[in-house]
Each structure stands twice: as C-alpha cells, then as structure tokens.
Amino acid sequence: MKEQYCEWCGSVLLENGRCPVEDCVQNVLLDALAEAEKEEKKDENTTA
Ligand SMILES: [Zn+2]
1 MKEQYCEWCG SVLLENGRCP VEDCVQNVLL DALAEAEKEE KKDENTTA
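Numbering (the working numbering), first residue to last: 1 to 48.
This is how it looks when you write it as structure tokens:
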C-alpha cells in the first residue's frame, strides 16, 4: 500500500485522505469541498 503525504505539512495522510493535523490546510480544503457538495445537493432538492 502506497502512503500518501500531505502536500501542506508532509504528514502521512489518513486512510480517508485527511491530514492527521486537524487544523491543517488539507482538512480545511476537504471540509470546504464537502460543504460545497452539500450546498449543491441542497439546491437540487429545493429546485426539484
Ligand atoms: Zn497536513
């Protein structure tokens, strides 16, 4: 299994792609993406 390293702090990423450093930019970006996806789904629901 190939380990992936955080491009921001160099830590080995967790299995779910998150950085072990909780306040790392990596996690902030992942959270922002997840939020954006949630918003998109919400919009789909409200327009349906
Ligand atoms: Zn990191």
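We put the CB at the ideal spot given by N, CA and C, even for glycine.
Taking the alpha-carbon positions, what's the Cys24 to Gln4 distance?
-> If I take the Cα positions, the gap works out to 15 angstroms.
May I have a chain-ordered list of the beta strand (DSSP E) segments no shorter than 3 residues that lie completely inside the stretch 9-48?
-> Taking only runs of at least 3 residues, no beta strand (DSSP E) segment lies wholly in the stretch 9-48.
Does ligand 1 have even one heavy atom less than 7 angstroms from the beta-carbon of Gln4?
-> Relative to ligand 1, Gln4 has its C-beta separated by 7 angstroms or more from all heavy atoms.
Is the beta carbon of Val21 within less than 7 angstroms of some heavy atom of ligand 1?
-> Under cutoff, so the answer is yes.
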